[in-house]
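Protein chains in written order, with our numbering: chain Y, 651 to 847; chain V, 651 to 847. For glycine and all other residues, C-beta sits at the position ideal for the given N, C-alpha and C. Computed from a predicted model, the values in this text were never measured in an experiment.
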DNA sequence: CAAAATGGTAAGTAACACTTACTCACAAAG
DNA sequence: CTTTGTGAGTAAGTGTTACTTACCATTTTG
């Protein structure tokens with residue numbers, strides 16, 4: 651009998667907790683179902699009651715983290731008035747969330763992108779929503795004259811998202827500390843004021 | 651008996667070709683050693699004569715592609731005089747190389763980063779060299795007054811590399827076409843002139 | 001209260017990455 | 001002109017891994 655997702659039994663929670671714990675230590679493919687089950691103190695079979703496969707477990711863990719991430723960001727954007735301030739908050743908050751939640755960023759930036767299944771997952775829908783929010787702020791900024799009329803909104807989004815993600819990589823991969831204040835103001839300074847003298 | 655790497659026998663070449671061919675169609679983990687060997691018309695065991703493991707095969711294929719990539723970039727930088735022009739060429743050429751060579755970009759941007767072994771590989775040494783070149787150009791630009799003195803070289807590099815990589819992702823993952831001219835001038839425009847009105 | 005659904009287990013299985021032990025060809029060295 | 005060593009390749013494994021099937025016990029519900 652398959653699980654229909656109406657309840658959230660302890661076994662399911664233990665499996666997700668166990669998997670998150672293991673993700674903090676090694677990469678997705680080095681984690682075995684036996685380890686997940688052993689660490690959660692359930693049997694391997696139970697994993698497949700609640701998750702379609704190992705990847706689905708990854709997506710669902712990511713999804714949970716993403717809910718927090720998005721709620722936090724949207725909450726903080728609401729406090730800002732100008733588009734530039736909103737984008738600055740997005741840069742800062744994203745960096746902060748990634749830094750606060752290593753497992754989340756590791757999964758999102760390193761583990762899920764290589765398999766096409768992710769792009770059908772619920773987690774990817776949240777990525778798109780986050781991404782759309784940024785685009786809308788940029789478009790509003792262009793319309794109301796805060797941003798230059800000749801810039802392309804999609805390209806600006808690429809630069810902002812790319813900078814954020816790239817800034818996190820060193821931290822995620824090598825465990826380097828990141829001065830969020832410094833990096834986020836640095837990125838914002840370049841993106842808004844330009845690097846040319 | 652292990653292979654010592656002094657020659658380049660046909661079996662080794664066939665395995666790498668076969669693997670590249672398969673990488674164009676699916677992700678790394680969906681490719682099996684049986685498929686690699688079958689497609690190359692050799693036996694599975696031979697893979698392990700020339701490559702430590704499946705990941706090592708991935709790194710060595712990446713390494714070959716990277717040699718081309720780096721040669722091309724360095725060649726094209728040499729034709730430019732100002733630092734800004736050099737950085738513009740890096741943006742354009744990187745986008746072009748990624749677009750021309752999907753397997754290379756797929757491996758580098760999506761497949762290798764999640765396992766720590768990559769960062770000990772020869773391919774990663776080339777990434778660092780490419781990365782260092784960019785940093786040196788930026789530092790020169792700051793010194794000679796082309797770039798603003800208050801920007802941080804590392805942050806500017808993050809923005810440029812992040813933008814390039816993010817711009818390629820849609821193309822690699824979804825096979826979207828990318829207008830390299832438009833995107834590269836768009837990125838350069840934002841990074842150098844800023845987006846603020 | 002019978003039926004269905006939920007939460008969980010135990011014992012598999014096919015496929016996979018990787019290993020071991022072997023052959024064959026052939027080139028120097030003695 | 002045989003011995004010895006080596007590079008190229010094969011054949012047949014082996015342990016692990018992700019995932020499946022069949023089952024049990026308890027709770028919910030018609």
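Mind pulling the chain Y residues with CB within less than 7 Å of residue 842 (chain V)? 844, 845, 846
With 16 as the cutoff for other CB atoms within 10 Å, does residue 805 (chain V) come out buried or exposed? buried
What first and last residue would you give for the alpha helix (DSSP H) that runs through residue 842 (chain V)? 830-843
If we cut at 7 Å on Cβ distances, does residue 826 (chain Y) have a partner in chain V? no
As assigned by DSSP and simplified to three states, the class of residue 779 (chain V): helix
Under 8 Å by Cβ, that's how I've got residue 664 (chain V) and residue 692 (chain V) pegged, so tell me the actual separation to the nearest angstrom. 6 Å
Starting from the C-beta of residue 753 (chain Y), find all residues in its chain whose C-beta is less than 6 Å away, skip the five residues before and the five after it, and write them out in chain order. 670, 673, 674
Name, please, each residue of chain V whose Cβ falls closer than 7 Å to the Cβ of residue 816 (chain Y). 808, 811, 812, 815
Between the beta-carbon of residue 771 (chain Y) and the beta-carbon of residue 709 (chain Y), is there less than 7 Å? yes
Assign residue 793 (chain V) to one of three DSSP states: helix, strand, or coil. helix
Report buried or exposed for residue 688 (chain V), applying the criterion of at least 16 other Cβ atoms within 10 angstroms of its Cβ. exposed
DSSP state of residue 705 (chain Y) mapped onto helix, strand, coil: helix
Determine the direct distance from the alpha carbon of residue 742 (chain V) to that of residue 818 (chain V), and round the result to whole angstroms. 12 Å
Reference residue 737 (chain V); option with closest CA among V:790, V:676, V:820: V:790
Exposed or buried, residue 825 (chain V), counting other C-beta atoms within 10 Å across all chains shown (16 or more means buried)? exposed
Does residue 731 (chain V) come out as helix, strand or coil in the three-state DSSP assignment? coil
Cut-off 7 Å between Cβ atoms - residues of its own chain near residue 834 (chain Y), not counting five sequence neighbours on either side: 741, 742, 745
Inspect the CB distances between the segment 788-803 of chain Y and the segment 788-803 of chain V and report whether three or more fall short of 8 Å. no
Residue 826 (chain V) lies in the alpha helix (DSSP H); which residues open and close that run? No alpha helix (DSSP H) contains residue 826 (chain V), which DSSP labels as neither H nor E.
Please list the partners that residue 740 (chain Y) has in chain V, where partner means a Cβ-to-Cβ separation under 8 Å. Near residue 740 (chain Y) there are no residues of chain V at all, since even the closest Cβ is about 14 Å away, more than 8 Å.
Does the segment 806-814 of chain Y touch the segment 827-847 of chain V, meaning 3 or more C-beta pairs lie closer than 8 Å? yes
With 16 other Cβ atoms within 10 Å as the buried cut-off, status of residue 684 (chain V): exposed
Please list, in chain order, the chain V residues whose beta carbon lies closer than 7 Å to that of residue 805 (chain Y). 833, 836, 837, 840
Using a Cβ-Cβ cut-off of 7 Å (strictly less than) and excluding sequence neighbours within five positions of residue 730 (chain V), which residues of its own chain qualify? 736, 739
Using 10 angstroms around the beta-carbon of residue 816 (chain Y), count the other beta-carbons present and answer buried if the total reaches 16, otherwise exposed. buried
Can you find the residues in the same chain that come closer than 6 Å, C-beta to C-beta, to residue 713 (chain V), ignoring five residues on each side of it along the sequence? 772, 773
Is it buried or exposed, residue 758 (chain Y), if we count other Cβ atoms within 10 angstroms and call 16 or more buried? buried
Which residue wins for smallest C-alpha separation from residue 720 (chain Y), given the options Y:780, Y:802, Y:797, Y:800? Y:780
Please name the residues in the segment 747-764 of chain V whose beta-carbon is closer than 9 Å to at least one beta-carbon of chain Y, in chain order. 756, 759, 760, 761, 763, 764
Could you tell me the alpha carbon to alpha carbon distance between residue 706 (chain Y) and residue 751 (chain Y), rounded to whole angstroms? 20 Å
Ordered along the chain, which non-local residues of its own chain (more than five positions away) have a Cβ less than 8 Å from that of residue 822 (chain V)? 748, 752, 755, 756, 759, 760
Helix, strand or coil for residue 846 (chain Y)? Go by DSSP, reduced to three states. strand
Can you pull the chain V neighbours of residue 679 (chain Y), defined as C-beta to C-beta under 8 Å? 679, 764, 765
Status (buried if at least 16 other CB within 10 Å, exposed otherwise) for residue 909 (chain Y): Only positions 651 to 847 of chain Y appear in this structure, which leaves residue 909 (chain Y) out of reach.
Under 7 Å between C-beta atoms, does residue 705 (chain Y) make it to chain V? no
Do residue 658 (chain Y) and residue 677 (chain V) count as a contact pair if the criterion is CB distance below 7 Å? no
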